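The structure under discussion appears below in the form of structure tokens.
Protein chains: 4
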Amino acid sequence: MPNVTKLFMGQEPTKGCFIDGVDLIQQYKAIRFKTVDICEPLEIEDMVIQPVSYVSPPKWHLAHTTWFFVNFILHRYGVNFPWPDDSYPQLFNSYYKSQGKHWVQGRRGDLSRPTVNQIICFRRDVDEALVSWLLSFNGDVPFDVQNLLRLGLEHEQQHQELLLMDIKFILSRNPSKPAYLKTIQRADPQANKKPLKNSESDVWCNDGGLYEFGENLKDCRFCFDNETPRHNVYLNPYNIEHKTVSNEEYANFIADGAYEEPSLWLSEGWDFINENQIRSPLYWYSNQGAWLEYTLAGERELVLNAPVAHISYHEAYAYARWANKRLPTEFEWELYANHKPREGAKFELFQESNLAYAHYPEDQNHFTNVNGGLWEWTASTYSPYPGYTSTHDAFGEYNGKFMINQMVLRGGCFATPKGHYRTSYRNFYNATQRWPFTSIRLAGDSV
Amino acid sequence: MPNVTKLFMGQEPTKGCFIDGVDLIQQYKAIRFKTVDICEPLEIEDMVIQPVSYVSPPKWHLAHTTWFFVNFILHRYGVNFPWPDDSYPQLFNSYYKSQGKHWVQGRRGDLSRPTVNQIICFRRDVDEALVSWLLSFNGDVPFDVQNLLRLGLEHEQQHQELLLMDIKFILSRNPSKPAYLKTIQRADPQANKKPLKNSESDVWCNDGGLYEFGENLKDCRFCFDNETPRHNVYLNPYNIEHKTVSNEEYANFIADGAYEEPSLWLSEGWDFINENQIRSPLYWYSNQGAWLEYTLAGERELVLNAPVAHISYHEAYAYARWANKRLPTEFEWELYANHKPREGAKFELFQESNLAYAHYPEDQNHFTNVNGGLWEWTASTYSPYPGYTSTHDAFGEYNGKFMINQMVLRGGCFATPKGHYRTSYRNFYNATQRWPFTSIRLAGDSV
Amino acid sequence: MPNVTKLFMGQEPTKGCFIDGVDLIQQYKAIRFKTVDICEPLEIEDMVIQPVSYVSPPKWHLAHTTWFFVNFILHRYGVNFPWPDDSYPQLFNSYYKSQGKHWVQGRRGDLSRPTVNQIICFRRDVDEALVSWLLSFNGDVPFDVQNLLRLGLEHEQQHQELLLMDIKFILSRNPSKPAYLKTIQRADPQANKKPLKNSESDVWCNDGGLYEFGENLKDCRFCFDNETPRHNVYLNPYNIEHKTVSNEEYANFIADGAYEEPSLWLSEGWDFINENQIRSPLYWYSNQGAWLEYTLAGERELVLNAPVAHISYHEAYAYARWANKRLPTEFEWELYANHKPREGAKFELFQESNLAYAHYPEDQNHFTNVNGGLWEWTASTYSPYPGYTSTHDAFGEYNGKFMINQMVLRGGCFATPKGHYRTSYRNFYNATQRWPFTSIRLAGDSV
Amino acid sequence: MPNVTKLFMGQEPTKGCFIDGVDLIQQYKAIRFKTVDICEPLEIEDMVIQPVSYVSPPKWHLAHTTWFFVNFILHRYGVNFPWPDDSYPQLFNSYYKSQGKHWVQGRRGDLSRPTVNQIICFRRDVDEALVSWLLSFNGDVPFDVQNLLRLGLEHEQQHQELLLMDIKFILSRNPSKPAYLKTIQRADPQANKKPLKNSESDVWCNDGGLYEFGENLKDCRFCFDNETPRHNVYLNPYNIEHKTVSNEEYANFIADGAYEEPSLWLSEGWDFINENQIRSPLYWYSNQGAWLEYTLAGERELVLNAPVAHISYHEAYAYARWANKRLPTEFEWELYANHKPREGAKFELFQESNLAYAHYPEDQNHFTNVNGGLWEWTASTYSPYPGYTSTHDAFGEYNGKFMINQMVLRGGCFATPKGHYRTSYRNFYNATQRWPFTSIRLAGDSV
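Residue numbers (the numbering used here), protein chains in the order written: chain P, 2 to 448; chain D, 2 to 448; chain F, 2 to 448; chain S, 2 to 448.
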């Protein structure tokens, strides 16, 4: 039996029921539907190409997440489900060496086949086979199957966010700057002009001391192995800002010549921005002295009081250094996030302060579960927690093998599925990546 | 007025009538229709990607050939035709520096937009505007317009062949090896078993002397500037084989260890095959001791007596050296091709001897105009003929600026439009290209 | 005045006297002499080339360390010392953006001039000018000058170790495998056959808890800024081995197929070893089933019970995973190193257990100050300690700007100058580097 | 016996006597001495490095030319001469696949050993062994040995020119711009101010017709295989300038914006100059509006009426196009060179017209045999002459395997050994090379 219990921790599943008390099969169907639904505004052409190696064609995401269920559930439990073509196991394995050969990641865009239609059919057939098999348990799905199913759905939801990252990147390459979202309905059309609330400039202070971090199994419905074990960390006194850095503040940083001043940058960061001629966030375009920004709703004028987005760790680091501050560690962030300034609303904090409306339309039905704004770079490297070990099987390849040369991001973003919002969640990217939905929150040492 | 008369030579167009005596507008419609028709068996996904830099997405060909008519005819003559999007002039200019900026050739596959549908509409709108404008001349289209139109159509036909090259390459990358042609109807199902005719092993001998080459304006309906001027070349006595090299012969070359024997190869060729780990023609796959070949009809067993195809110049050179022969010069080839062994049938010679049925279905309606088999590498570099000069305008960019580090191919292939078959036609590729439909004809010195 | 006091911390220098109670000028002369002396066994040819970008020509080290004294002392204090050539400031600035342009690091080997002789003369002239200037203070050298001088000498000593790393790499590229050391005098010629002491397989255990790390200013004669501030770290219970991994153990790891087993490797590590075809430590060569090793004394049979050396972090990580252990964090290592199993001899521990005699001759006079064996990879990323900040001037470029994508090594090696041995010293390299003198010490979690 | 007679053609050697009537052994000693003498002004450091892959370290040339005599003469005839080290055969084989493995060309600069001294000793030992063996024939050296010896010496002389090309490149990389030649003694210090003679602007005209080219065996003392066979070529009427293009003319070409005007360039040339940011000849440096040039005598002001040098074929092509002329074919050049305007002085023509004094000191004793100026690019690709075949052994690797993607240069330069001056000599480089001593002569079509 697969060692999946090593990969995530959580309460014992209850009989036949699953994921926040919702019916197992309904949950499966809803999540699987949403993945396809995200692609609904796209043309077939948008779903095929791979303009840079780290961006995958949307059709590949649709197939890979489905491969996950076939490979790790149907075939492990001996359910008869023939691959539509002999090439599927190789084409749609992302990087699991233990699962056989896989197609080179950077060449996914070389493949015109299977077509989008064939992949949609593949999804439908797998969904039918899986649901039919689950129904055959008559409401008594074994716990290990429930666990694998949960993992598959968490995995699928991670790819839902990746899909939006990749879609934005793919569309942005077109000189015509097409919109993913047809219309933008803002709750407050004056939003980009209203002054920030006074309280938003405040900082939260902590006196330091010994704290426990990592997921607490007792409270946990689900978490990944990299969020565990719970362990002690000693913090020095520190302060952290309630508000993330705004576009206006970042534009000031640019105007101050920060991209030309080497003393602000890490050595690799300086080389990175110069070799790639980076002089602004990923989707900013200078237009006769004004800044335009490409968003999922198309190109438009920069919204000054929205949080800056799509900056690399290197840019976040340089900004903090320019502001005579620093980035918080992941533990400083987590402690802050757990502080719950208002009862029952710890994540709304981020939603409000991030003013994320500039980046997505709040009332589009695609994003009804949005409750946050943008991921936040931390000063922490993606390292194992004390006592963490990954297994030597496929599930050991899920998180552990990436624990090198990556920085931790915390929080979540508008594109992050609701269930993934937890203060212990550790997202990670290398210091040069700009296509995730990233932002900057500043911190400092208190005396 | 554009200097297009410098780019090609030919008889003065006759009033209102055009291209082999066929009505001008009918001709335009037929050629334009065929380009789209070539893409008919494709999925949209096949039309978008660019797996290597020298292969263009099929949808790009559809748009670029249309850009040609807008840019070089409609807009030059002041016909009002607004571009569907501001990006079109840049996106669909291939490499004409004189016509403004152009998108980097190797990044055409980064663009999902405009979509295939939008490009089809663009074609339709351009065709309507152009035909309507031509009709407004009431049967008296000026000669310079006729000339430009002819050039646009010749250009379009060149891209028809490129389309088939690129389609084959794109489809072949898919591990499922999809077929472009649904069924294969062979005139003679025993063809790949029948022995070669005795006469096919014969050579044609020539005693050498001073000959004229290049297009003869008096006989010429149309030719490109690079085929001119007509000029004298002195040839030594030589012989040339009636038959091109077969798959079986080429398999023997491989089996003899030729790809491991450096003395057979040019220095650059040896580096090329080793750096790219080339050990057989482009579309050959070894399968438990037998050779399979990817064709436009899908993967199948190698047809032994079909001509070898998709080899680079380097491989053709090494084969000839292995066989103690050499490749013919382009002039030796042209003299041979003009020899007309049978009256009125000089190109059937190639058709018969090439046994090209292995590579295309003779009676598919897509290829009713096929009258040859495969291009043939010559030993000649692509250099200007004595007295040739290219203009400094856009038409000077058509042929002249590529006259470096390229080898001449002669003949034509099954995918070459009928009107392009002439013994003076100079095709060219660099010595490493394998995706054109290429083959080998051997020659030797006579004492 | 330069902000050098930010770069390192230490006791206030005493009047006129300096560095472990030794006379300032004598100390300067001794260290400067040793750098040149390290190059004494070399041919001029060895001092010029740069076979890979991260290895510098030895003559460059000789010039760069001298540039440091001219740029940061002589010229800062207005001492008249003209550069021998206008190009010197640019050529011998390593990477200090604040100090003007610098020659590209990877192209140092393009320069045949200045010659070795010219650089030796440059050193001599600078030494004369500096000593003469120091003497002019009549025994009362200002503290800030003393501080800068100390920094220059610590810097010079860091380059002494780099010199030996680079020399070994450069010589090893020659197929003739020349020796840097003429003869090898071992204390015990049977050393590679004697069994390990029983005690060497023991581990040291710690129950965890809250500890202080980083340099303690009160005890500190000198340390770099990256070793500060002193701060609390909470450790879980752990154990750590007294002995580092031996060549024999590492050979078993190889023989077990570890380089072909992806589940042992980090994802980047797996790509690294495969793209570079790495299948053994840097200087190992397989010879008919036996292992040879290139050492500074030339090529010879692998000494089985010597510690394995010249492995990347990726290999150290995979080895630990294969052994069902892990690497220690830098704090676990430091606590262990401070444990002082025997009074006054905390570093001899490493010397003995490392059996480093295989890698250098103990009684060569070049290395009389050797008291350790090899650097040890830790599981810690090179991150700033809580409260650390680097300045925005040149000294802020010394350490802080490299705090990304690097792993910490602790200990010191036979080539490390004696004065650099302290348990708080943080060396760092990226996870793929193999040319430093690196080794593996294993640790584990205690229940 | 080696098939060396295939590689070059010439008169039967006379008994014991050799090369222009000079004693065999004296000739050998003189040529071998000169190679080392060329390196006399260098520092050891200059002889080791390889700043770009196509430039070899001077010490490598010294060793390779010696390897040639050991490998192709001493060892072929069974003379006992052990290699100084097992690595020599591999290290100093340039590219002869038939002679076993060879070190990668672009990594010759990775080798600090053998040292310059060791290589000088290797040369001395080989010279002693070879001369002693030749003496043992008592004045009756067999013809085949004479042939091989002659080939070795011609080869050595080709490397003498390469040495000067590489030395100039290596020294020029140093920002201090060191001089190879200590002083410059010009016959006429006013030379760069004197007006060109009227006759120098004249062109030579030819009415065209059928001519024979290639070396005529009857008149030939020695030639390479690539200069044969003699064969007929038909030429159109043409004209060719007596004078090559001057620095002043080339500076006008630059000032006219030619490097920014795509219509002047071949497509590959345009990409080449832009990717490498080329805006002037290789050794030109712009200094406040004036041009400086690096020469073997160091950096100095551009001599305006000296011929332009160190331009690529692409630049020569663009210049000719800008001037509404073209480059001559190699046959047009050869016919012109053979025309002998003054009796017995066909090459002085080039010497005078080239004004080559700007590039070398006429009366330096290193170059007493100088009788020409600079190589001249032709419009001809380096293709085999009709009937040419190269053998499959080592000598077939000498010339034939490079006959692809190279352009022919004709003439010779100041660094070309006297014996290599013949109007049939075919030098060749690819179109992007600028470090040979190249220049431009213009031609045109006559009506």
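Each residue gets a CB set at the ideal place from its N, CA and C atoms; glycine is no exception. This structure is a prediction, so every number in the text was calculated from the model and none was measured.
{"Check": "Along chain F, which residues have their Cβ under 9 Å away from the Cβ of P/K402?", "Outcome": "P263, S264, W266, L267, S268, E269, G270 and W271"}
{"Check": "Helix, strand or coil for S/E262 per DSSP?", "Outcome": "coil"}
{"Check": "Report yes or no: do three or more beta-carbon pairs, one from the stretch 399-410 of chain P and one from the stretch 276-284 of chain P, lie closer than 8 Å?", "Outcome": "no"}
{"Check": "State buried or exposed for S/D226, treating a residue as buried only when at least 16 other CB atoms are found within 10 Å of its CB.", "Outcome": "buried"}
{"Check": "With a threshold of 7 Å (Cβ to nearest heavy atom), would D/I171 be considered close to the ligand ADP?", "Outcome": "Annotation note on the ligand ADP: not contained in the displayed structure, which lists no ligands."}
{"Check": "When the Cβ atoms of the stretch 203-213 of chain S are set against those of the stretch 403-418 of chain S, are three or more pairs found closer than 8 Å?", "Outcome": "no"}
{"Check": "Tell me whether S/N428 sits in a helix, a strand or coil according to DSSP, three-state version.", "Outcome": "strand"}
{"Check": "Between which two residues does the alpha helix (DSSP H) harbouring D/W68 extend?", "Outcome": "P59 to F70"}
{"Check": "Determine, using beta-carbon pairs with one atom in the stretch 410-419 of chain D and one in the stretch 153-168 of chain D, whether at least three such pairs fall under 8 Å.", "Outcome": "yes"}
{"Check": "Kindly indicate which three-state DSSP category S/H160 falls into: helix, strand or coil?", "Outcome": "helix"}
{"Check": "Does the structure place the stretch 420-437 of chain F close enough to the stretch 307-316 of chain F that three or more beta carbon pairs sit under 8 Å?", "Outcome": "yes"}
{"Check": "Check for me: the alpha helix (DSSP H) holding D/D272 runs from which residue to which?", "Outcome": "S268 to E276"}
{"Check": "So is P/V105 in contact with chain F if we call contact Cβ pairs under 8 Å?", "Outcome": "no"}
{"Check": "Consider the Cβ of D/E44: report whether some Cβ of chain P lies at a distance smaller than 8 Å.", "Outcome": "yes"}
{"Check": "Answer with buried or exposed for P/R108, where buried requires no fewer than 16 other C-beta atoms within 10 angstroms of its C-beta.", "Outcome": "exposed"}
{"Check": "In terms of residues, what are the limits of the beta strand (DSSP E) holding P/Y286?", "Outcome": "W285 to N288"}
{"Check": "Where does the unbroken beta strand (DSSP E) through P/V232 begin, and where does it stop?", "Outcome": "In the sequence as presented, Val is not what sits at residue 232 of chain P; that position holds His. Residues H232 to L236."}
{"Check": "Report yes if the CB atom of D/K326 is closer than 8 Å to the CB atom of D/A444, and no otherwise.", "Outcome": "yes"}
{"Check": "Would you please verify whether the beta carbon of S/L163 is less than 8 Å from any beta carbon of chain D?", "Outcome": "no"}
{"Check": "Tell me, please, which residues DSSP counts as bridged to F/E409.", "Outcome": "Note that residue 409 of chain F is Val in the sequence shown, not Glu. Paired residue(s): F/F429."}
{"Check": "Can you tell me where the alpha helix (DSSP H) holding F/C414 begins and where it ends?", "Outcome": "Looking at the DSSP string, F/C414 is not in any alpha helix (DSSP H), and its letter there is neither H nor E."}
{"Check": "Relative to chain F, which residues along the stretch 405-418 of chain P have a C-beta separation below 7 Å, given in chain order?", "Outcome": "I405 and N406"}
{"Check": "To the nearest angstrom, how far is it from the Cα of S/G373 to the Cα of F/T36?", "Outcome": "Any reading at S/G373 needs caution, since the residue's pLDDT is 42, under 50, leaving its predicted position unreliable; the model's value is listed next. Taking the straight line from one Cα to the other gives about 50 Å."}
{"Check": "Taking Cβ to Cβ, would you say D/L375 is nearer than 8 Å to D/S440?", "Outcome": "yes"}
{"Check": "Is P/G445 helix, strand or coil when you go by DSSP?", "Outcome": "strand"}
{"Check": "Output yes if chain P places a C-beta closer than 8 Å to the C-beta of F/V53; else output no.", "Outcome": "no"}
{"Check": "Please name the residue or residues paired with F/G299 in a DSSP beta bridge.", "Outcome": "F/T296"}
{"Check": "CA-CA distance, D/Q91 and D/F69?", "Outcome": "12 Å"}
{"Check": "Quick one: is S/S54 buried, meaning 16 or more other Cβ sit within 10 Å of its Cβ, or exposed?", "Outcome": "exposed"}
{"Check": "Does the separation of the CB atoms of F/V246 and F/V304 fall below 8 Å?", "Outcome": "no"}
{"Check": "Is P/V132 near P/I26, with beta carbons less than 8 Å apart?", "Outcome": "yes"}
{"Check": "Any residues in the stretch 230-241 of chain P with a beta carbon nearer than 7 Å to a beta carbon of chain F? Which ones, in chain order?", "Outcome": "H232, N233, V234, Y235 and N237"}
{"Check": "Can you check whether the C-beta of P/T116 is within less than 8 Å of a C-beta belonging to chain D?", "Outcome": "yes"}
{"Check": "Taking the beta carbon of S/N339 as the centre, do at least 16 other beta carbons fall within 10 Å, making it buried, or is it exposed?", "Outcome": "exposed"}
{"Check": "Distance check for S/G290 and D/F223, CA to CA, integer angstroms please.", "Outcome": "51 Å"}
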